[in-house]
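Heads up: the structure comes next, in structure tokens.
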Amino acid sequence: MFSFCCDSAAGIPNVRWFGVEGDYNVLVMDLLGPSLEDLFNFCSRKLSLKTVLMLADQMINRVEFVHAKSFLHRDIKPDNFLMGLGRRANQVYVIDFGLAKKYRDPQTHQHIPYRENKNLTGTARYASMNTHLGIEQSRRDDLESLGYVLMYFLRGSLPWQGLRAGTKKQKYEKISEKKVSTSIEALCRSYPSEFASYFHYCRSLRFDDKPDYAYLKRIFRELFIREGFQFDYVFDWTILKYQQSQMSTPPTRSPAAIAGPSAGAPLPIANADRQTGGEEGRGLGWSPVDPSRRRPPGPAINAGSLSKQKSPVGTDSAAMSRDYMLSSSNLLGRSTGSSRRPAVSSSRDAAGSESVDLARPRTTEASSAFRRVSAGQRSSPVGSAEPPKRTTSGRNSSNIKNYESTLKGIEGLNFDNDDRDKSQY
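Oh and the sequence shown: position 418 is 418 in full-length UniProt numbering, straight run, nothing missing.
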């Protein structure tokens, strides 16, 4: 089952060792970073459209790879997608193949037969309609589950969360009823039509159809370009982590120390990914070159959030990416150790966990946050805690200019932390 994990592929953790140790079956895999569920919580339980689209492209690629190896994942959920560490901090990994199933013969590609009256396998919150109806799962179901994950990130919650019942079976039935009664249009209301198109396509597939993964990636990529986004791997949590690091450790280096770029400084995170196997966004027309192709102005999606965020440009963006890349292993402290452990199957117990998820609104537009750094007062676009206010009274213009030049010089700092960012066993 784990043979395809031994192949070197982007976003698939390497299996270092597996066997029997005493009374335990053991599987040792690469040490990875926080899960998308962890990061979703870190970002106040809502992600911007830009971040969701960058994740979607990688996540579809991961599902496609698993399917190409003749397996279904059957438990697509945010907890089972982890970000990497260090120079791979912008790469999405898929984990936990405890419920995976071979759906075809690897040599002949003979598909498994259609069956009904199957028990629900996976996590009810993200299970496909056919899975709730007891139909044998196939490739279409993994993709439909992924669609629910994307809407969960955008909306902050799904309509069938928080339902109460006496037994797990009754709870699954309530979730199924709510899912059936919620139309695709209602689920995706106020969000770009591409998400509804995604669901309509997944539900149109027959049991043994091979999905057109390229089509699904293309509709999201075209939306990304129309929105005027830049594929720079600056996720919502990258911005938050950067702002937190700036507030906690203001620059103290002298102008002489930051006069020019250091030859030993690591690459910006987007370039680092391309050097280490990240295929997303390369040569695919992700960066908008024609402003006329951008989506015309209209009602804001998730007004007040990061959903219309454009990437910061220049030194701030590069420094932010580097800062996040070097500190990704500490993004959520040690509280997220559960997602960093060597992976062993544990998803069966998660199938019944459904909780009420309330999203906290963001209060500041991210794209303007970086332009206010030199004012002596920094604010986070996401989260409920406000940093202590700082005043610039009594400072002359010379001090302010020195402060700004110090910030701009962060890009030139030389970090020698690569060794500690390598995968651990």
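All residues carry an ideal CB built from backbone N, CA and C; glycine is no exception.
If you count every other CB in all the chains shown that lies within 10 Å of the CB of residue i, and 16 or more means buried, which is it?
| i | result |
| --- | --- |
| residue 441 | Nothing can be reported for residue 441, as the shown portion of the chain is limited to 1 through 425. |
| P211 | buried |
| E177 | exposed |
| E185 | exposed |
| D222 | First, the amino acid is wrong: residue 222 is Glu here, not Asp. E222 should be labelled exposed. |
| G260 | At G260 the pLDDT is 39, less than 50, meaning the model places this residue with poor confidence; the figure from the coordinates comes in the next sentence. Result: exposed. |
| G337 | Only weak support exists for where G337 lies, its pLDDT of 42 falling under 50; the value from the coordinates is given anyway. Counting Cβ neighbours within 10 Å, G337 comes out exposed, since fewer than 16 surround it. |
| A165 | exposed |
| L32 | buried |
| G134 | exposed |
| R189 | exposed |
| A196 | buried |
| K241 | buried |
| Q110 | exposed |
| P13 | buried |
| E227 | buried |
| E194 | buried |
| D38 | buried |
| Y24 | exposed |
| D232 | buried |
Would you please state the rounded distance, in angstroms, between the beta carbons of residue i and residue j? I believe it to be under 8 angstroms.
| i | j | result |
| --- | --- | --- |
| A127 | S145 | 7 angstroms |
| M59 | F81 | 6 angstroms |
| F40 | L27 | Wrong, their Cβ atoms sit about 26 angstroms apart, outside the cutoff. |
| T123 | K77 | 5 angstroms |
| C202 | R140 | 6 angstroms |
| M29 | R16 | 6 angstroms |
| L216 | Y198 | 6 angstroms |
Beta-carbon separation of residue i and residue j under 8 angstroms?
| i | j | result |
| --- | --- | --- |
| L120 | T131 | yes |
| M151 | L205 | no |
| residue 429 | V63 | Nothing in the structure corresponds to residue 429, since the chain is present only between 1 and 425. |
| E42 | W237 | Reading the sequence as shown, one finds Phe at residue 42 and not Glu. In this structure, W237 lies closer than 8 angstroms to F42 by Cβ. |
| D142 | H73 | yes |
| V52 | V94 | no |
| S70 | P34 | no |
| M11 | N90 | Before going on, a small fix: residue 11 reads as Gly here, not Met. No, Cβ-Cβ distance for G11 and N90 is not below 8 angstroms. |
| L154 | L36 | no |
| R125 | Q170 | no |
| Y114 | F207 | yes |
| F220 | A56 | yes |
| E136 | I175 | no |
| D75 | L99 | yes |
Which residues does DSSP list as the beta-bridge partners of residue i?
| i | result |
| --- | --- |
| V94 | F81 |
| S35 | L82 |
| N25 | V20 |
| L72 | K101 |
| H111 | R104 |
Mind checking which residues open and close the beta strand (DSSP E) that includes residue i?
| i | result |
| --- | --- |
| F18 | 15 to 21 |
How is the alpha helix (DSSP H) around residue i delimited, first residue to last?
| i | result |
| --- | --- |
| A68 | 49 to 68 |
| Y198 | 193 to 204 |
| N130 | 129 to 132 |
| F220 | 213 to 226 |
| Y148 | 139 to 155 |
| W237 | 236 to 248 |
| I175 | 168 to 181 |
| L158 | Per DSSP, L158 belongs to no alpha helix (DSSP H) and is neither H nor E. |
| E185 | 184 to 187 |
Let me see if you follow: with CB-CB separation under 8 angstroms, is residue i close to chain D or not?
| i | result |
| --- | --- |
| L99 | The displayed structure is made up of one protein chain only, and chain D is not part of it. |
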